[in-house]
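**Student:** Provided herewith is a single structure, encoded as structure tokens, for subsequent inquiry.
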Amino acid sequence: MPELPEVETVVRGLREPLVGQTVLGMWYDWPRVIRTPDPDSFAARITGQTFRAVNRRAKYILCELDVDTLVVHLKMTGRLYVSDNDAISEADRWVHFSLQLKSGRQLRFSDARKFGFVALTPDPAALIARLGPEPLTDEFTPDVLRERLRRHRRAIKALLLDQAFLAGVGNIYADEALHRARIHPQRSAASLSDDEIARLYEGIRAALRSGIEHEGASVNWYRKADGTQGEAQRHFLVYDREGQPCLNCGTPIEKIRVAQRGTHYCPHCQPLASN
DNA sequence: CGGACAACCTGGCGGC
DNA sequence: TGCCGCCAGGTTGTCC
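Take any residue in the first sequence, count from 1 to its spot, add 126: that is its number in this note's numbering.
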């Protein structure tokens, strides 16, 4: 579920309850959720370490401890939150991993679909080595985007979903960014004009910033670190709006399939003219 | 290079 | 109410 804005929101919400906390122990009930190392080694290594920082790279949550980094990926249905030891919430139904904190609270990882994972490593860079540029940083510029687009002929939406091309954008924000840029999702990447690339650059950043501003999109599974829903879904321009009027021109939003993913766009504002 | 598709899993929903 | 098929925001690997 979570894309860059959702993961960013979770990270921000975890800092206060997590940083400074020491790990007393570990629990799990689904071994495959622990990617590396093996569960016994994981428990032995993380016990006694203290959380020093919580950061994000693309859709990866990076919790820095004294020696290692706890890496968490939420994939589609993962949730990461801190609860009082005796507190029970809806998401606990799918908890598969937790850490006991010295504060008398627990860091819990819940994942209904079991696609997500936790990993403990002294070298998190290896796990995230193949990621493309981080779209909201200064190093990501229109020139960077243009140079990278030149190398590809794929549908632009497929490229936006490719984490090695650009890190952090997923299905929701790809649709939102393309609508803001007024570009059809099936346009060939190499066919985009300089003006279109400039619009795409702004569209990507604006869509992601809107998502962060509204604390993530709770279309279905996503929740903030405190368990409440985000509000970004109330500000979608096209995603999940099939058949509803385009907010710009009134034309009904269409849903098609691009790169095997549900894709929402306005056929009037995002024409497939020059390809 | 890239497109298609399976795999990893389960929940929710619409249709009958 | 029950069952069935379909869909789902992610990532990786394989095959062609």
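Even glycine gets a Cβ: it sits at the ideal position worked out from N, Cα and C.
Expressed to the nearest angstrom, what Euclidean distance is found between the alpha-carbon atoms of Glu380 and Gly296?
**Tutor:** The straight-line gap from Cα to Cα measures roughly 19 Å.
**Student:** Do you know offhand how far Arg171's Cα is from Ala333's?
**Tutor:** Going by the C-alpha atoms only, they are around 39 Å apart.
**Student:** May I ask you to verify whether the region 366-379 touches the region 146-161, counting CB pairs closer than 8 Å and requiring at least 3?
**Tutor:** The answer is no - the region 146-161 does not touch the region 366-379, with fewer than three Cβ pairs under 8 Å.
**Student:** Roughly how many angstroms separate the alpha carbons of Ala281 and Thr173, rounded to a whole number?
**Tutor:** Roughly 47 Å between the two C-alpha positions.
**Student:** Taking the straight line between their C-alpha atoms, what separation do you get for Asn211 and Arg274?
**Tutor:** Rounded to the nearest angstrom, the two C-alpha atoms are 48 Å apart.
**Student:** Going by Cα to Cα distance, which pick from Ala284, Trp156, Gly342, Thr247 is closest to Arg383?
**Tutor:** Checked all of Ala284, Trp156, Gly342, Thr247; the closest Cα to Arg383 is Ala284.
**Student:** Whole angstroms are fine: how far does the CA of Leu196 sit from the CA of Tyr154?
**Tutor:** The straight-line gap from Cα to Cα measures roughly 15 Å.
**Student:** Measure the C-alpha to C-alpha separation of Pro165 and Val221 and round it to an integer number of angstroms.
**Tutor:** Computed Cα separation, rounded: 16 Å.
**Student:** Consult DSSP for Glu328 and reduce its assignment to one of helix, strand or coil.
**Tutor:** Looking at Glu328 - three-state DSSP - the assignment turns out to be helix.
**Student:** Go to Thr135, then tell me how far its alpha helix (DSSP H) extends in each direction, as first and last residue.
**Tutor:** Element bounds for Thr135: 130-144.
**Student:** Would the region 353-368 and the region 248-259 be scored as touching if the rule is three or more Cβ pairs under 8 Å?
**Tutor:** No, because fewer than three Cβ pairs between the region 353-368 and the region 248-259 fall closer than 8 Å, the two stretches do not touch.
**Student:** Please state the DSSP three-state secondary structure of Gly258.
**Tutor:** DSSP places Gly258 in coil when its eight states are reduced to three.
**Student:** Of all the options Pro378, Thr354, Gly353, Gln355, which has the alpha carbon lying nearest to the alpha carbon of Tyr365?
**Tutor:** Per the Cα distances, Pro378.
**Student:** Below 8 Å CB to CB, which residues in the same chain sit around Trp156 once its five sequence neighbours on both sides are set aside?
**Tutor:** Only His222, Phe223, Lys240 meet the Cβ criterion.
**Student:** For the alpha helix (DSSP H) containing Tyr299, list its first residue and its last residue.
**Tutor:** First-last of the alpha helix (DSSP H) with Tyr299: 297-307.
**Student:** For my contact list, Thr247 and Thr162 are in at a C-beta cut-off of 8 Å; report their separation, rounded to the angstrom.
**Tutor:** Confirmed, about 7 Å.
**Student:** Determine the DSSP secondary structure at Pro371, reduced to helix, strand or coil.
**Tutor:** Reduced to three states, the DSSP call for Pro371 is strand.
**Student:** Does DSSP put Lys185 in a helix, in a strand, or in coil?
**Tutor:** If DSSP states are grouped into helix, strand and coil, Lys185 belongs with coil.
**Student:** Quick check on this structure: which residue in Arg234, Cys392, Gly337 has the alpha carbon closest to the alpha carbon of Arg308?
**Tutor:** Residue Cys392 is the option with its Cα nearest to Arg308.
**Student:** Gly389: which of Arg219, His305, Tyr327 sits nearest, CA to CA?
**Tutor:** Just to set this straight, residue 389 is Thr in the shown sequence, not Gly. Thr389 has its Cα closest to that of His305, out of Arg219, His305, Tyr327.
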